[in-house]
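In this note's numbering, the protein residues as written are 312 to 400.
Structure below.
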């Protein structure tokens, strides 16, 4: 698992080859994390300093990618336990 990441710009994470997860710190800077499969937008989570002090975990199934936008603060978990393989985005 990587540490907290914030970029201040747009970063596109390549489509995952196996189930992965992303943890989003909702009360981080102004930004968003968008989830995409191919050309289809499948969801998003907005972040900002006024949000609750919570995190959200989203599982990405094979072929999904994510866009980290602005000052959204995230952690990527690329080694998901076997029993969670195949979890849906």
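Quick reminder that beta carbons are idealized off the backbone N, C-alpha and C, glycines included.
The three-state secondary structure of residue 376, taken from DSSP, is strand. Counted as a single uninterrupted DSSP element, the beta strand (DSSP E) harbouring residue 345 occupies residues 342-348. Assigned with DSSP and collapsed to three states, residue 383 falls in coil, not helix or strand. For residue 327, there is no enclosing beta strand (DSSP E), as DSSP marks it with neither H nor E. The Cβ-Cβ distance between residue 376 and residue 321 does not fall below 8 angstroms.
In the structure shown, the three-state DSSP call for residue 354 is strand.
Residue 321 has no beta-bridge partner at all, per DSSP.
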